[in-house]
Structures are given as structure tokens and as C-alpha cells.
Amino acid sequence: MKDILNDLNDSQRDAVINYNGPALVIAGAGSGKTRVLTYRIAYMLQQGIQPFTILALTFTNKAAKEMKERIANLVGFNTAKRLWMGTFHSVFSKILRYESIALQYPSDYTIYDTTDSKNLIKTIIHELNLDDKIYKPSEVHSRISMAKNNLVTAEAYAANNEIRTIDNSTRRPYLGDIYLRYAARCRQYGAMDFDDLLLNTNILFRDHPSILDKYKKAFRYILIDEYQDTNYSQYLILNKLAGDHKNICVVGDDAQSIYSFRGARIENILKFQSDYPESMLIKMERNYRSTEYIVDAANSVISHNKEQISKKIFSKNGEGDKIKILEARTDSEEGYTIAGIIKDMLYSKQMHYRDFAVLYRTNAQSRIFEESMRKMNIPYKVYGGMSFFQRKEVKDAMAYFRFVLNTADDESLKRIINYPARGIGKTTISRVEMLARTTRKSMWEILTDVTTQQNEFNKGTLQKLHSFAEMINGFIKKAGEMEAFDLAYSIASSTGLIQELSHDKTPEGISRIQNLEELLNGVREFTENEENSEDTSLSAYLQTVTLYTDADADKDEDTNKVLIMTIHSAKGLEFPCVFIAGLEEELFPSFMSVNTLKELEEERRLFYVAITRAKQYLYISYASTRFKWGLLNHCVPSRFVGEIDERFIESENAGQISSEILKVQSSQDIKKTGQKHEVTQPVRHKKLVKIDDKGNNDSDNYDPYGIMTGMNVEHERFGKGKVISREGAIPNVKVTVFFKDHGQKQLLLKFAKLKVIS
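In terms of this note's numbering, the sequence shown opens at residue 1416 and continues consecutively.
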């Protein structure tokens, strides 16, 4: 058997061989984290540890699959397939199916994805006659999700006075009622959403100590990838499972903790050594990905954070090129500048389109780059767009699959009962739903209860309902006899889904039938995969794919494209050349994230993640002006650019950049006031002179181009006013000013002789 230790450096080897007891492995960006995890497991197996006693948890199915394949190459497929390895949700969903009786759920419970959950919430909001502009389904879903991740059940939420006070203050007093109905409806439908998989695992272990004890004994060794991304619910489960043997190894990087909006708690990794005082701390500080200039620049930025585990990432890949700072006059110019550089490097550096990535803080920024790529004939892909499994035709087919296995799932029934159209109208469906609610039955029970139906529907409607029920019953019978593909194909063809989609010969229609075909291809691959040989049922297939994330499902046959994406989507990826765009105050860092030290430090970690995606070339850009709500605004370069040590930067206008960036706005400038931290606002450009007590400008130093949006000014003729927009380049800069007595005026700054007033 291969001596795998020869492939590792000293710190990696320490992380691999010390598998007994608790261990915290701080894996810096590009330090070989995946290799260490796979080699650690392979080494344990070589030492005689039984594979079924090892629990390895990741955050994406893609990561789990890659690790399992690597382990199989080292120790053999038959050994690797016996590991308990997968995402938190996939592993715990499997445990919940095994122990479903304890929680009074069906073993074939349905798993609702985010879209399913929002649709159910939307239905409940409508039932309660609430305004969906106040109770926005996405915001309600986020509120419920955050509650569950903090182990607050619907009953506890509704009974909590403090929570009710907060909801009242946001003019949403009925959030607790929505949560209660949502939880009750999920249980009635035999369904769990993603957050329930964690919440119910905690409840299972809390209420059934014997079951917890069984899994504590089963999982003798626990490994967690990306530990900095775990939430409170995951944290508790892991501590319970590792409570006796304490053979828990967590791998991650606190400097890459960027998902607090999803409930992730950086405290979990920062306080691991407090939770396990006897733990070993291993720092993997060598970066194998990036050049020295890129790594050193990242270090200089993250050093401004106070809340972190100290480390010094280094590279031996050579100095490389310095980081280039690009200043554009407008956001549109920023897009075209980046596209132009890509075109140039494509030939001058002999690169491919796939070697480039454009990263930005918010999804809305993609428009500029999409336009510039299209106009310059650069093939591109917006990474992290709609998942394959979120497309309508795919969700329709999946709803059929789910309902055949769980007829209590009313949400799936409502989706499929009249698609393809079979003459069962909305009135009939509403009537069935109302009968189900009043009799406390499922809609399926109403459909199959002849005595209930006789007095409720006319003869024609009854025949249509009976035909639908007979078709579903036929599939239910086949479910116990057929493998996943045979049953899935039978459903797709017998229901008319294939025929319905085949009629549309438009490009969009052809794409939809191809998506259905691709879904069935995926089911076929599942049934023929040796790894799934023990269970090739449709139920097993659904358990696997329902938990896919967008990253897992992202497929594109033509991979030679520039990728444009948010920085959050880029985590875990790497590219030879990276552009980080929109480095301006109030954009990055976000204007919503500069009020507290905690928020600002997460924004800085996000910038650190962006920098460390680059292998050879890194460009950072910002625009001097950017449209906001149709008005042209002057922009100040981000404080983060000023935090990069100047030794690692190459810029033609470095002096101007330095003068505009407020370097003193590092974490040291944040003053604590009570429970919050106030962050000083960006200072004006150095050319903006101080105004004396009389409100007059120093005529010797007065700069007419220092007039910016938002300033209060005075004009000799029009009097006092406020600048509401600014456009154009020096010397032809125009400002639009609203004057109290004369209304809105557009003025050319070089002639306007405006005075700045306090």
C-alpha cells in the first residue's frame, strides 16, 4: 500500500497522523485542505480504523464526492464506500429516515427545498389575508430559517415576548402565526425543509438519549470540513456526538468565515480550543496556489482584523506580478476596461477564457460586465445562476416522483394534479383543499374517499379525479417493484409530461424537453452507479438529489468561458487571473456592514477570500462615479484598497489613490459606544478645503471640482441649495443642484463659482 505521508509537508503530516483526540487544523487559503482531509482518512483506514466508524462532514455534495473519489484511489473503492461521508444535511437526513418513528414522521418524508418552502409560506400568507408586501415570503422564510438554526421551534417563537416585541416593531406581528402554521403544515404533509434536518436531529438526540448513545458509539472519529461555516445547530450536534471519545478534527480558516447571513458563527472555530482544552492546534500556512505578491497582499489586508487566530500565510511560488489597481471614471468604463484587459491577455499571455474570473460584491453589478463581455464578443457565464433542479419542468417531474412516494405531500399534489392539463380547474382544487383542511385529512385522502366526494363534485369532475387517482395508485404499486429509472420514465411518459414538452418547438421549448431528458439521464446514472447498488429505488434517488446545492448542480458543457460571479459564490474556486470590481465605500464594504466591528471584519474577510482566489494575476478596480437610482454619484475608493501594503501594488495613479483612500479607517478607528460600534465615515478628497466659520472658501486653494453629491452649496444668483448629482469629467463636470427658491438647475462647475456651506 502506498506510503501517503511522503506526499505531505510537515504541517500537513502532523494533521494526518494525529488522529486521536481533538484537533483544530487552521488551513490557510491554498494550503491543501482537501488533500489533508482525504489523506487523514486514508491514513486512519491504513491503521486499521473501520470505515463505518468514521463520520466526515462537508458543506457540498461536490466536495464529499471529490474526497471520496480521492480516498478510493488511495485505499480502494470497497473500503471508501463504507465511510459515513457527505454533507451535514445528507448524513442527518439519512439518520432521520432510520429513526423516523421516534419523531412520528414517515421514513419516506419529503424534503422541501427553498423554493418549496417559500411557496408554502406564500400560501399561508394568503390564507391569513396578510399583505405580502409587508410579509414578503423570502423575508419570512429567512426569519423562520434563522430561528430554526438557533433551535427556536415554532411554539417557542410564538411564546417568546422579546421576539413578539421585535416583530411588532417591524410591523409584522403575525410572523409567529405564520411559523406555527408552516411547521404544522410541514408535519401534516410529511415534509421537512433543509433547516428541519438539523433542528429535528437536535430534537431527536435531546429527546431520545438511547438513540444519541447509539450514534456516539457508531461514530468513533469525526471530521468536519469548513468548520468556520457551521451554525449553532450544527455545533450542538457535533459536540453531542463527540462528547465521550472527543476524537473530533475540525478543519477550516477563520479568515474565510463569510456566511453569517446564513447563520454561520465564526465563534465556533475561534472557541474550539476553549471547548476542547486538550486539543492540538495545527497551522497549515504554506499557500500552494498563489504568487508571493498576492499572498502578502492578502496578509496585509486581513491583519487589520482583531477577531482572528494568528497565522502568517506564505508562498514559495515566486514573487509574480504586483497587484494592479484600476481607476475608471464610470462603472461602465470599469466593465469595458476589464473586458479589454481580458482580450489583451488572451493573446499576450496565451491564456484561455476559462482562466479569468470577475468577482463583485452584489448580484446587481453583473449587468455592467455582461454588457461589456457581449459587446466585445467574449464568451461568459454568470456562475451560480438558476440551479438545474429549480427549472420548472424539472420541478414538475420531481413533484410527481415525490408525491408517488409520499401522498401526504399536498404541495406536490397541487403542482401536478392538473399538469399536464386534465380538466381539473382551480375551483375543484380549492374545494379539495378546503375539504382536507376542515376534515383534517390530506388532499389525497379526500380524492380517494368516495363517500366524501359524492356530494361535493359533479359527475364529470368526479371522473377526472378518479382517473388521476387511479394513475397515481398505479405508480405507487410500481414503486415497490421498479428501479428508479424505470419508474421515473414510466411517470414521465404516462402522465404526459414528455408529450406536453415535445409539442413546443421554440428554442425555449426544446431546452425544456432537453432538461427533462437530462433529469432522466441522471436517474439512469444513479441506478447504474456501483456506489448505489444496495438501493436503486426512486426514494433513494430523491434522498440524494433533493439535497444538491447550486454549486453541486452547476453544469456547462462549454467550459471555456469567463466566469462572472459574486465573491460569496467564488469561495473554494481558483483562477489564474482574477478581477475584483467595485472597490468603493458603501459598495464594498457594503453600506449595511460598517456600523459594527463584527460586520466590518466579515466584509474584510470577504475581500481576503476574493484576493486569494487569484493564482498569478490580480486586478482590483473601482469607479469614480456610479449611477444609483438614476443619479450619478461620486464614489470614494474602498478603505480595503488602502489596507494593502503599497509594496505589493502597481498603479499609475498610486498617489491619487492614496490621497482618496481613508487609511485611518481600519479597525483601529472604530469607537465602541454601548452595544454597537460606530465607524467614522470616509473623509473627503484632499482637494476639498476646510470652510471657515463665515462659510467662505479659501480663494487661494479653492477647487471648483471638489463639489460632490450631497453637499450644501450657495450660488451668487440662486442662493442656497443641495447638490443631487454630478456627471462628466474634468474640466467639463456638471452638477445638478436643487435650490430652495429656484428649483433644480444644472451648472458647469468651472463657471458656477459655488461655495460649500455647512
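Just so you know, even glycine gets a beta-carbon here, dropped at the ideal spot from N, CA and C.
None of these values were measured; they are calculated from a predicted model.
Requested in this report: Kindly indicate which residue of E2000, L1472 and F1634 has the alpha-carbon position closest to the one of Q1465.
Outcome: F1634
**Report entry** Coil, strand or helix - K1661 by DSSP
**Finding:** coil
Query - For Q1688, the first and last residue of its enclosing beta strand (DSSP E) - result: No beta strand (DSSP E) holds Q1688; the alpha helix (DSSP H) holding it covers F1687 to D1690.
Requested in this report: Would you check if there are 3 or more beta carbon pairs closer than 8 Å linking the segment 1436-1449 to the segment 1620-1635?
Outcome: no
**Report entry** Counted within 10 angstroms of its Cβ, other Cβ atoms place F1900 as buried (16 or more) or exposed
**Finding:** Buried.
Requested in this report: Output the distance between the C-alpha atoms of L1545 and D1746, rounded to the nearest integer angstrom.
Outcome: Those two C-alpha atoms are separated by around 40 Å.
Query raised in the report: Relative to the ligand MG, is the shortest distance from any of its heavy atoms to the C-beta of G1436 smaller than 7 Å?
Result: The ligand MG is not part of the structure shown, which contains no ligands of any sort.
Report task. Name the one or two DSSP bridge partners that W1499 has. Result -> Bridge partners of W1499: L1470.
Report task. Measure the CB-CB distance between R1744 and T2040 and report whether it falls below 8 Å. Result -> yes
Query raised in the report: Secondary structure at I1738, three-state DSSP: helix, strand or coil?
Result: Note: I1738 maps to strand in three-state DSSP.
Query raised in the report: Assuming K1739 contacts E2065 under a Cβ cut-off of 8 Å, what Cβ separation, rounded to an integer in Å, is found between them?
Result: 5 Å
Query raised in the report: Anyone know if the C-beta pair for A1442 and M1760 falls short of 8 Å?
Result: no
Query raised in the report: What is the DSSP secondary structure of D1429, reduced to helix, strand or coil?
Result: helix
**Report entry** For A1562 and L1572, believed in contact at Cβ under 8 Å, the rounded distance
**Finding:** The question names Leu, but residue 1572 in the sequence shown is Tyr. The Cβ separation is near 5 Å, so the contact holds.
Query raised in the report: For K2149, which residues of its own chain have a beta-carbon under 8 Å away from its beta-carbon, when the five flanking residues on both sides are left out?
Result: If we look at K2149 and ignore the five residues flanking it on each side, its Cβ neighbours are R2141, E2142, G2143, Q2161, L2162, L2163 and L2164.
Requested in this report: Spell out a yes or no on whether the segment 1574-1591 and the segment 1494-1501 are touching, meaning 3 or more CB-CB pairs, one atom from each, closer than 8 Å.
Outcome: no
Query raised in the report: Just reading off the beta strand (DSSP E) that L1638 is part of, what are its end residues?
Result: Y1636 to I1639
Query raised in the report: How big is the Cα-Cα spacing for F1804 and T2027?
Result: 30 Å
Query - Under 8 Å between C-beta atoms of F1883 and I1844 - result: no
**Report entry** Which residues DSSP lists as bridging G2136, in chain order
**Finding:** Paired residue(s): V2128 and F2154.
Requested in this report: Please classify G1755: does DSSP put it in a helix, a strand, or coil?
Outcome: helix
Query - Neighbour-count burial assignment, N1435, 16 or more Cβ in a 10 Å radius - result: exposed
Query - C-beta atoms of T1473 and T1502 nearer than 8 Å - result: T1473 is a Cβ neighbour of T1502, given a cutoff of 8 Å.
Requested in this report: Could you pull the start and end residues of the beta strand (DSSP E) that C1992 belongs to?
Outcome: F1990 to I1995
Report task. Check whether the Cβ atoms of N1732 and E1707 sit closer than 8 Å, and answer yes or no. Result -> Cβ distance < 8 Å, so N1732 and E1707 count as in contact.
Requested in this report: Return helix, strand or coil for Y1667, following the three-state DSSP convention.
Outcome: Checking the sequence, you will find Gly at residue 1667 rather than Tyr. G1667 falls in the strand class under three-state DSSP.
Report task. Mind reading off the beta-carbon distance from I1709 to Y2034? Whole number of angstroms is fine, and I expect it under 8 Å. Result -> I1709 to Y2034, Cβ: 11 Å. No contact.
Query raised in the report: So which of L1439, E1484 and Y1589 has the shortest CA-CA distance to K1661?
Result: L1439
Query raised in the report: According to DSSP, what are the bridge partners of Y2037?
Result: E1742
Query - Integer-rounded CB distance, given that S1705 should sit under 8 Å from K2030 - result: 6 Å
Query raised in the report: What do you get for D2108, buried or exposed, if any count of 16 or more other CB atoms within 10 angstroms of its CB means buried?
Result: Confidence is the limiting factor: at D2108 the pLDDT is only 34, short of 50, which leaves the residue's position unreliable, though a coordinate-based value still follows. It is exposed - the Cβ of D2108 has fewer than 16 other Cβ atoms within 10 Å.
Query raised in the report: Which value, in whole angstroms, describes the spacing of the CA atoms of N1888 and V1819?
Result: 8 Å
Query raised in the report: Buried or exposed: which applies to K2007, given that a residue is buried once 16 or more other Cβ atoms fall within 10 Å of its Cβ?
Result: It should be noted that the sequence gives Met, not Lys, for residue 2007. A residue is called buried once 16 or more other Cβ atoms fall within 10 Å of its Cβ, and M2007, having fewer, is exposed.
**Report entry** Coarse secondary structure for E2142, derived from DSSP in three states
**Finding:** strand
Requested in this report: Let me know the secondary structure DSSP gives N1947 once reduced to three states.
Outcome: helix
Requested in this report: For F2166, count neighbouring C-beta atoms within 10 Å of its own C-beta (all shown protein chains included) and say buried if the count is 16 or more, exposed if not.
Outcome: With fewer than 16 other Cβ atoms from the protein chains shown falling within 10 Å of its own Cβ, F2166 counts as exposed.
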